[in-house]
Amino acid sequence: MRLHRGMYRSRSPRRASLAAALSMTTVLLAPLATGCGLAEGTRAADSSNAADSVSDSGSAALVRDAVHKLLEQKSATLVAEFGGSAERVEEFLRESRLGLPGGGEATGKDAELLARAQLTLSVGGQGQPLNELPDFSDTHLAGALNLGDRDLVAYKSIDGNTYLRLLVDELAEEKTLPSEWRRLLRDLSATASQLPDSLSAVKRLLTGDWVSADPGSYEQFAWVVRKLTGSTTAGDQSRTAASALDSDAQRRLLDGLLKLLTEDGDFERIGGAGGSSGGDADGDSGDRSRDRSAERGHTAGRAGEETQRVRMTVSARDAARRLAPALEPLGMRVEPAEVPDRTVPAEVTVRRGVLVGLTVDARDLTGSGAGGSGAAERLPLRFGFGSGDALSVEVPEEALRLEPQDVLAALLYRKVPGLTGG
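Read in order, the letters of the sequence shown are residues -29 to -1, 1 to 393 in mature numbering (1 follows the signal peptide of the UniProt record, and there is no 0).
What follows is the structure, given as structure tokens:
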């Protein structure tokens, strides 16, 4: 059975997002959860709707077919990251007057974290081509957060179950994280060897092994974080992430991306086959970027290889509306009605007939997009796509169940200032 529009309202089990699962760690780049979700309407949309409504029907068909071809595979991977320096990210947050979850003001450390972060997501169709699945309820999803050269946090959602893996010692050394979180992580790590067998799940988590967790318990995890750190903001961030990235929000985002690529825009070819590099909407070459997606087996930042670039012109409000679910976990509560009524460019990169990249200017998704000009003031938000699972989408072995009370109990084995306070 082929994918159909009704799939976005499928009765799939509630899938926790990567950000929600990381209630004790960090604010994440927006997970465009299932990279497979772009599949459908690309092929289903025929020339009588999307293609005929754009200025270049050939380019529209190229993009539509490229998305379909990506989803002919049994697995696919998505990489998301900002394409600017920490200074540029901080400037963007300040210009846009966007705070963090919980209402806090963004800081230089927050900007550095977002500038370095790269989110990778892989999805598998359990042996079937992704675009032949009746819906997403049986897909296997894996995600990882990279803040430099290692995946510090990993997540899987398989058959309704959620699995987590943290590199606690490395996270505790990450200076861009709040000091109270780092203290908590150090104390937890030091406690691992003292834990009894009844807290084996916590011990496995603290030593970098996989554990399973109930998606419905993240608010309880948020309470634990707030209790241990004395930080109201930390708990607010956790609850915001949990509510912002539930499975319904993910499907809305996927549906929005699909419509953005196949229905909303006017298309114009700006780079031909055989040598044009995949650039960005801000005019920078893809090779300038901190393109770690190539390390995941993707080619979004590589030149040549029959690369074609298409400029997509869309309504800024439409783009903001489609992509708002991706930005909410960053604290970027985009209000489409506040975005100026204008058209803005985005860039789609196709290589050998397959979708490999989409770049938008993050400023165009907020009311600040009209202010300023020139490539130096833009902030690319890059999505790289590739076939295959860069991350394993199989069930981890020996993943014990982790409960919020287990984390709290683990702290009783080590004196932590503030544990009994607040």
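C-beta atoms are modelled at their ideal positions from N, C-alpha and C, and glycine is treated no differently.
C-beta contact flag for residue i and residue j at 9 Å
i    : j    : result
G359 : G328 : no
T320 : V364 : no
L84  : R240 : no
R372 : D109 : no
K45  : L326 : no
G114 : T91  : yes
R35  : T337 : no
E369 : D81  : no
R121 : A86  : no
P351 : D332 : yes
L123 : L137 : yes
V285 : G324 : no
A361 : V315 : no
F63  : R334 : yes
V139 : A380 : no
S150 : L177 : no
E43  : L104 : no
Residue i - partner residues in DSSP beta bridges
i    : result
P316 : T284
S128 : L112, T133
V94  : A47, L112
Q89  : E52, N117
D289 : Its beta-bridge partners do not exist; DSSP assigns none.
G355 : V50, G328
Collapsed DSSP secondary structure at residue i in the structure displayed
i           : result
A31         : helix
A47         : strand
D168        : helix
G79         : helix
D332        : strand
A184        : strand
A381        : helix
P307        : helix
D360        : coil
R349        : coil
R322        : strand
D120        : coil
L373        : strand
E365        : coil
A15         : Note that A15 has pLDDT 38, beneath the 50 cutoff, so the model's placement of it is unreliable and the number below is only indicative. A15: helix per DSSP, three-state reduction.
T278        : strand
F103        : It is Glu, not Phe, that sits at residue 103 in the sequence shown. Three-state DSSP puts E103 in a helix.
G268        : Low local confidence applies: a pLDDT of 45 at G268 is under 50, so the model's placement there is unreliable, with the coordinate-based value given in what follows. The answer is coil: DSSP assigns G268 none of H, G, I, E or B.
E239        : strand
K230        : helix
V177        : Here residue 177 turns out to be Leu, not Val, going by the sequence shown. Helix, per DSSP.
T337        : coil
T162        : helix
K146        : coil
residue 420 : It is not possible to answer for residue 420, since the shown part of the chain is limited to -29 through 393.
Assigned exposure category for residue i - 16 Cβ within 10 Å defines buried
i    : result
E145 : buried
A308 : exposed
D130 : exposed
A97  : Checking the displayed sequence, the identity of residue 97 turns out to be Gln instead of Ala. By the 10 Å Cβ count, Q97 comes out exposed.
G119 : exposed
Q99  : exposed
E318 : buried
L383 : exposed
S169 : exposed
G89  : Note that residue 89 is Gln in the sequence shown here, rather than Gly. Q89 is buried by the Cβ-count criterion.
A215 : Confidence at A215 is low in this model, with a pLDDT of 36, below 50, so its placement is unreliable and the value that follows should be read with caution. That one is buried.
P167 : exposed
R322 : buried
E61  : buried
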